[in-house]
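Listed in order, the protein sequences are those of chains A and B.
When the count follows the numbering used here, it moves up by one through the first sequence with no breaks and lands on 524 for the last residue.
When the count follows the numbering used here, it moves up by one through the second sequence with no breaks and lands on 1833 for the last residue.
Beta carbons: idealized from backbone N, C-alpha and C, even for Gly.
Note sheet for the following structure.
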Amino acid sequence: MEYQKLKEIEIYPLRDLSYDFLGIHFENPFILAAAPSTDNLDMVRRAFEMGWAGAILKTTSVEGNRVDLAYPMMSTFDHEGRKLFGMGNIDLISERHIDKVEHDVKALKREFPEKMVAASIMAGRKEDWQSLVERLEKAGADLIECSFSCPQGNIGEDPGKMLAQSLTATELTARWVKEATKKIPVSIKITPHVTDIVEVARAVKRSGCDALTASNSIQALMGIDIRSFSPYPSLGGKSTYSGMTGPAIKPITLRTIAEIARNVDIPILGTGGASTWSDAVEFMAVGAGVVEFCTVVMHYGFRVIDDLKSGMSHYLDEMGFPSPAVLVGKALPNIVMHDDLPRKKMRSHINEKLCIGCDLCYVACRDGGHSAIDQQSSRVPHVEWERCVGCGLCQHVCPVENCVEMHIMA
Amino acid sequence: MKKENVGRRPQIPNRKSKIANRQLQIDNHTPLMNSRQAKIESERCLQCFDAPCMTACPTHIDVPKFISMIRTNNVIGAAEVVKVSNALANTCGKICPEEVFCQSVCTRGKQDSPIQIRELHFFATQREVKRGFSATRRFPASDKKIAVIGSGPAGLGCAFELTKLGHQVDVYDAHKPGGVPRKSIPSFRLAGRELESDTKFLSTFFKVKKQVVDSRTFQRIQREHDATFLAVGLGRDRMLGVAGEKLKGVLPVLQFLEKAKIAPSKMKVGKKVVIVGGGNVSLDAAATAKRLGAESVVLIYRRSEKEMRVWKGELAEARRQGVEIRFLINPVSVIGKSKVAGIKCRRTRLSKQKDKTGRLIPVEIKGSDFILDADTVVIAIGQTIEANWLGDLDRKGGGYVKVREDFQTSVPGVFAGGDMIAGEGTIVQSVSQGKYAARAIHEYLSAK
C-alpha cells in the first residue's frame, strides 16, 4: 500500500458558510458561471465534489439552433508579467442543445441534491424561450439564467446587438421567460455596455423576473500584432472583438453591481472579474447575493475553491460575522454622489523611516501632480505642503506599503 | 511594516571573548520574510498542477495551495494547509534543507529561480503562532491504544497522525519532547522557540510521559497497547577505535553538541579544534566550535568534497565562518600525554572502487603521515542506536532496525521509524516516516 498517496486527514473544522438566497440554499457563496467549465457533466461533477456550491450550466439553446464556433477563440491581456490579467474569448453559447443540458440537470440534481444547479439559456422566438424554461424547470433546475448579453450578440433579427441593450426587448423577453416558469427564480444576465444600467435593471424588475446577473464580459479588442497588423486572437490574420473577463474587469463589474443595488430593489448574482475570496467579499459588499467564477477556474482549475472557502471562513471569523449573507450591501451606504463627498483639506505625508528612496513620488508629482514634492540629497523626498493639494497620486505610485499617507489638515 | 530584512547574516568573531557563548544563539538564517516580500514571492509561484515540490516534500505538503493562500492574504489558511501535512511545521519551516527537497525541483527554477518555498512556509506558520493556533476539529474516537516510544520528529509525527485517526496515544520519553532538534541541533540553526511552538500545539492532543525505557518496561508497554511505534533515534557516537581516543579533550560529537545547546554557559573549547568526519553533524560541530571562540577549526574528511553528504548551504556557511575543511585525510591516532596535543593523520587517495553507499573508497597513502596540532578533538563519524533494550528485533547494516514497507519490525505489532531505521536523516523525513507509519498502524489495527 502506498501510504504516501493517502489523502490527508483534515484537522481543522469546516466553517458553515451556508445561507439562503433567492429561496435557494447555498452551501457557500461560490458558484461556477456559465462557461466552458460548466459545459460538461464530468467537469461539473468534479467541481461539486471539490466544494463548489453550484453551477450555471453553459448557455444552451433549442435543438436546431446553429452554433458556428471559430478557433482559436481565446486570447489574453497579460500585464507586466502577470498572465491572464484579462482573458478574451470569441466563444459562443454551448454547442450542446437543450436535450443534453436537460439530461445534465437531471443527473446533477440526482447526484447532488444539495447543490444549486442552474441552466443558462438563449433563444430568439418566444416559444423557444418558453420551451427551454419549461423543460429545464421540469428537469429540476434550481434557477434559470437568461443570457441577454452575449458579447457576440443575440440570436434573432438584430445581429451583433445584445438584447440587454434594448429596454423594451429586455422587458418583453424577460416577461416571456418569467411567464413560462412555475416556481423557480429567473435571473437575467445583463451587460455593462449600456448608457444607463439602472434603466435596464428597472426593465427587468418590471418584467417580474426575480434577479439580475451582473454582469457579462466587457467587449474588447485584445491587441494587435504590430508586425502583421492582425488583431488577437488571430484566425488566419483576421479577428473580431472579444468578451473580456478576469481581474482586469473587476472594477467595472463592481460599479455595475453597486449602481444597480443602490437604485433597484432586486437580488443580484455577481459575476465578472472575481478571482479570490476577498473579491467575493467586495462583490457581496456592493450588493451581490452570490458570486460566480469563471476565468480563475479556467486559469488554475476548480481547486481554487479551497482558498475561496478557507479565506472567506477566516475573514468572517476575524470580522465576527455570523454568515456570508450579512456582507450583502455592506458597502452601499458608503457609495455617494460626487456632490455629497466629504471635503477636507488633505496633505501627503511621507514616512521617512519607511521610505526607500526611489523618488517615484517625486517624478509622479512633478510631471503628473502639482510639483509639490522636492528631491533631497538624502533621497527621502520632501512634501512642500504649500503646493500639495492632497490628490493622493504619490501614495499610489509608492512601492512601500503605508509609507505615504494622506493626512487631514486641522 | 518594518524594514526587517535589510540585515545580512551575522559575522562571527574569530577570537575568544567573554561573550563567546552568546554567539551560539545568533541565528544564521536569513530573517523571516515580511508580508510584502511573502506576497511578491508567492505571486512568482506558477501554481503547477500535481506540483513536483509537493512530491519532493517527504510529508507532501500541498505547496501550491498554501502559496496561493499567501497570495490572497489568507495566511492563516496557508499555515493550516502546512500543518495538515506536517506535525513539526515550525521546526521544518525553520531548518528544512529545501535545497534537497521542494525547492530543488521547483518548476519556476527552470525559468529563472525557484520559489523560496521554505521561507513562505515559515512565514505562514509563524504568523499562526503569533495569532494563536487555529481551533482544531474533534477527531473520531477509537478504542485502540498505541504506544509511541521516543518523542523526536518521528515519534511526534506518528503520535499526531494516530490522534487524527482517533486512536489513544501514549508517548514515552526519558527527556522533554523534541529529540534531536531539541538536544543537538545547534541553537544558531534551530533555537528552542520553533520546536516549542510545535510541541505546544501537539501537547493539546497527547501527553508525553516521562519514562526511562528498559527491557522490562518495553515488554510492559507492548502488553498494554494494541501496537507500539519505536522512534528512539540513534544517540550513541561511533568512535574511531584509535589510540589516544580516551585522552581529555577528545569529545564524541553528540556529547559536544548537546552540551553546547543545553548548557552553553558551561561550554569551553580549546584554541585549536579538529573535527573528524564529513557529515552535516560534523559541520554543526565545526560551526559550534567556531562560535565558542576557537581560534582555528579544522575539519578533516577522508574523501573529497564530492563524496560529502552534506547540505551545500551548511557547508558554505561553515566556510564563511572560517572553518577550514581539509579533504583526503584519515586520522591515525590521537596524541598527547594527559590531554590532547594533536592528531596524527595520514593522507588518502580515492580508489576506483565504490563502497555500498556508491562512493569511492579512500586508500591511505604510505609515508604521508603528519600531525595536526589540537587541544580539542571532536569525533563526528556517525552514530548508532543507543537503546539496548530492543531485544531481538531484526537489524540491518549499521545496526539499524530492519522494517518492512509498512514500517513493521520483525516483531508483529511493533513498528519503527526515524533515524533508527535508516541512520541520520532529516527532520522532515522522520516526521514523514512517523506519519506514514501511523497510517500503516491504523491499517494493521483495522485488519486485526
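Check                                                                                                                                                                         : Outcome
Is D134 (chain A) helix, strand or coil when you go by DSSP?                                                                                                                  : strand
Apart from the five residues on each side of it in sequence, which residues of its chain come closer than 7 Å, Cβ to Cβ, to D526 (chain A)?                                   : Past the boundaries of the shown model lies residue 526 (chain A); chain A is included only from 115 to 524, so the question cannot be answered.
Express the C-alpha separation of F1434 (chain B) and Q1501 (chain B) in angstroms, rounding to a whole number.                                                               : 18 Å
Any residues in the stretch 424-435 of chain A with a beta carbon nearer than 7 Å to a beta carbon of chain B? Which ones, in chain order?                                    : S424, G425 and H428
Count the other CB atoms within 10 Å of the CB of S1427 (chain B); is the residue buried (16 or more) or exposed (fewer)?                                                     : buried
Are there three or more Cβ pairs, one per stretch, closer than 8 Å when the stretch 375-394 of chain A is compared with the stretch 405-414 of chain A?                       : yes
Can you check whether the CB of Q1768 (chain B) is closer than 9 Å to the CB of L1615 (chain B)?                                                                              : no
Is DSSP giving T1584 (chain B) helix, strand or coil here?                                                                                                                    : helix
Would the stretch 212-219 of chain A and the stretch 169-186 of chain A be scored as touching if the rule is three or more Cβ pairs under 8 Å?                                : yes
Show which residues of chain B have a CB atom less than 7 Å away from the CB atom of D156 (chain A).                                                                          : The contacting residues do not exist; D156 (chain A) stays about 17 Å from chain B at best.
Under three-state DSSP, which class holds T367 (chain A)?                                                                                                                     : helix
Quick check on V1514 (chain B) - is its C-beta less than 9 Å from some C-beta in chain A?                                                                                     : no
Curious, which full-length beta strand (DSSP E) runs of at least 3 residues does the stretch 1541-1585 of chain B contain?                                                    : 1553-1558
Between D134 (chain A) and K423 (chain A), what straight-line distance do the alpha-carbon atoms span, to the nearest angstrom?                                               : 17 Å
For D153 (chain A), write down the residues that DSSP places opposite it in a beta bridge.                                                                                    : BP columns for D153 (chain A) are empty, so no partner.
For S1681 (chain B), write down the residues that DSSP places opposite it in a beta bridge.                                                                                   : B:K1657
Note down, in chain order, every chain B residue with its Cβ under 8 Å from the Cβ of D421 (chain A).                                                                         : K1450, S1453, M1454, T1457, N1459 and G1462
At 8 Å on the CB atoms, spell out the chain A contacts of E1426 (chain B), in chain order.                                                                                    : Within chain A, no residue comes near E1426 (chain B); the closest Cβ sits about 14 Å away, beyond 8 Å.
Between E116 (chain A) and K1651 (chain B), what straight-line distance do the alpha-carbon atoms span, to the nearest angstrom?                                              : 48 Å
To the nearest angstrom, how far is the alpha carbon of A148 (chain A) from that of C475 (chain A)?                                                                           : 43 Å
Is it buried or exposed for S1402 (chain B), if we count other Cβ within 10 angstroms and need 16 for buried?                                                                 : Because S1402 (chain B) carries a pLDDT of 45, less than 50, the predicted location of this residue cannot be relied on, and the following value inherits that uncertainty. S1402 (chain B) should be labelled exposed.
Looking at the structure shown, is E373 (chain A) part of a helix, part of a strand, or coil, going by DSSP?                                                                  : helix
Please say whether I145 (chain A) and S234 (chain A) have beta carbons closer to each other than 9 Å?                                                                         : no
Can you find at least 3 beta carbon pairs, one from the stretch 1414-1423 of chain B and one from the stretch 1507-1514 of chain B, that sit closer than 8 Å?                 : yes
Is there a Cβ of chain B sitting closer than 9 Å to that of Y414 (chain A), yes or no?                                                                                        : yes
Given a threshold of 16 other Cβ atoms within 10 Å of its Cβ, counted over all protein chains shown, does G1733 (chain B) qualify as buried or as exposed?                    : Gly is not the amino acid found at residue 1733 (chain B); the sequence shown has Thr there. Under this definition T1733 (chain B) is a buried residue.
Check the C-beta distance from N268 (chain A) over to I304 (chain A) and give it rounded, since I have them as a contact under 8 Å.                                           : Wrong, their Cβ atoms sit about 12 Å apart, outside the cutoff.
When you compare the CB positions of A1666 (chain B) and A1765 (chain B), do they come within less than 9 Å of one another, or not?                                           : According to the sequence shown, residue 1666 (chain B) is Val rather than Ala. Cβ distance < 9 Å, so V1666 (chain B) and A1765 (chain B) count as in contact.
In three-state terms, what does DSSP make of E406 (chain A)?                                                                                                                  : strand
Enumerated in chain order, which unbroken segments of the alpha helix (DSSP H) with a length of 4 residues or greater are wholly contained in the stretch 225-265 of chain A? : 240-253
Does DSSP put F1800 (chain B) in a helix, in a strand, or in coil?                                                                                                            : strand
Using DSSP with H/G/I as helix, E/B as strand and the rest coil, what is K1724 (chain B)?                                                                                     : strand
Helix, strand or coil: which one does DSSP assign to R1688 (chain B)?                                                                                                         : coil
For the stretch 1585-1605 of chain B, enumerate the residues whose C-beta is nearer than 7 Å to any C-beta of chain A, in chain order.                                        : none
Consider the Cβ of Y1557 (chain B): report whether some Cβ of chain A lies at a distance smaller than 9 Å.                                                                    : no
Using 8 Å for Cβ pairs, my map puts A253 (chain A) next to E216 (chain A). What's the rounded Cβ distance?                                                                    : 5 Å
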